[in-house]
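A.B. asks:
Numbering (the UniProt record's numbering), first residue to last: 1 to 316.
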């Protein structure tokens, strides 16, 4: 195995001219000791390529993987006084409402010695700074006296790319579009897809004794989709229902106050495995669907509550 230095920027790759030929990867090599600001152009022959180069993946572009809808996430890292930081030692905050985002949420997440304050949106990207200002306003009392130490903005894929394998080239993580709707989580799926892909390549090459084929790469995709596709579908539906209006968001917050829902939500984030869970009716969780009286809530809120059927119970 050839290990590339960290300071490398992929330029493009060339497909092999023969069935079992090598791919040629062209990249810029950056070395601060040689004084070259623009880097040195180099190339490398490889048997397979795994694109783990983020949402703006050049590998995906070269392989014709297609585009996806994406959200813009805007975040400020804020150094706050120690007494205010203590408040976030055991908690994170999420804000919902049209003021902070029409289709996502705002957040205050604790880091090592500071907090990250941010928001995101798919439908109103041009208004992201307005939503960020509203998020800061919501958290004003808790971050007052803080100093912004870094500003970050990133695209967040909203669904997997149409094409994730082409020959002996495949994608993982954000490059493949492995970010869940509703939560915006991608770190776990980036690490997991990378590991699964590596294991498929090792197995397909019989520990390096044969050339891998596209069918070997597709085994990783099939297993990844089998394990996690339900998670993506459920969270896609939840986002469409719960983030579409303030009334639906209020129903979501009310539902999340339930201990059972909290346990299912916590376990789903921890294990990433989903199966249908029992819906709630008349204050209790039942084993079969039960429709509450239509007079209890507006139709919109009722639909939001019935979506509880899609919440998941984890099977380790």
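Glycine included, every Cβ here is placed at the ideal spot set by N, Cα and C.
Consult DSSP for residue 116 and reduce its assignment to one of helix, strand or coil.
C.D. replies: Looking up residue 116 in the chain shown gives position 116. Here residue 116 sits in strand by DSSP.
A.B. asks: Less than 7 Å separating the beta-carbons of residue 77 and residue 116?
C.D. replies: Your numbering for residue 77 matches position 77 in the chain shown. Your numbering for residue 116 matches position 116 in the chain shown. Contact flag set, yes.
A.B. asks: Touching or not, the region 120-137 and the region 86-102, by the rule of three or more beta carbon pairs under 8 Å?
C.D. replies: A contact exists between the region 120-137 and the region 86-102.
A.B. asks: Go through its chain and collect everything with a Cβ distance to residue 265's Cβ below 6 Å, but skip five positions before and after it.
C.D. replies: Position 265 of the chain shown, counted from the start, is the residue given in the question as residue 265. Cβ neighbours of residue 265 beyond the five flanking positions: none.
A.B. asks: Would residue 108 and residue 139 be called neighbours here (beta carbons separated by less than 7 Å)?
C.D. replies: Position 108 of the chain shown, counted from the start, is the residue given in the question as residue 108. Position 139 of the chain shown, counted from the start, is the residue given in the question as residue 139. Yes, Cβ-Cβ distance for residue 108 and residue 139 is below 7 Å.
A.B. asks: Quick one, are the C-beta atoms of residue 196 and residue 220 less than 7 Å apart?
C.D. replies: Position 196 of the chain shown, counting from 1, holds the residue named residue 196. Position 220 of the chain shown, counting from 1, holds the residue named residue 220. Yes, the pair counts as a contact, with Cβ atoms nearer than the cut-off.
A.B. asks: Report the rounded CA-to-CA distance for residue 211 versus residue 167, giving the unit in angstroms.
C.D. replies: Looking up residue 211 in the chain shown gives position 211. Looking up residue 167 in the chain shown gives position 167. Straight-line Cα distance between these residues: approximately 12 Å.
A.B. asks: Under a Cβ-count criterion, where at least 16 other Cβ atoms within 10 Å of its own Cβ denotes burial, should residue 148 be classed as buried or exposed?
C.D. replies: Looking up residue 148 in the chain shown gives position 148. Counting Cβ neighbours within 10 Å, residue 148 comes out exposed, since fewer than 16 surround it.
A.B. asks: Between which two residues does the beta strand (DSSP E) containing residue 246 stretch?
C.D. replies: As a first step, residue 246 is located in the chain shown; it is residue number 246 there, counting from the start. That residue, residue 246, is in no beta strand (DSSP E); its alpha helix (DSSP H) goes 246-256.
A.B. asks: Specify the secondary structure class of residue 230 as computed by DSSP and reduced to three states.
C.D. replies: Within the chain shown, the letter at position 230 stands for residue 230. Reduced to three states, the DSSP call for residue 230 is helix.
A.B. asks: From the DSSP output, in three-state form, read off residue 217 for me.
C.D. replies: The residue you call residue 217 lines up with position 217 of the chain shown. Reduced to three states, the DSSP call for residue 217 is helix.
A.B. asks: Look at residue 236 and residue 181 and say whether their C-beta atoms are less than 7 Å apart.
C.D. replies: As a first step, residue 236 is located in the chain shown; it is residue number 236 there, counting from the start. As a first step, residue 181 is located in the chain shown; it is residue number 181 there, counting from the start. Yes. Within cutoff.
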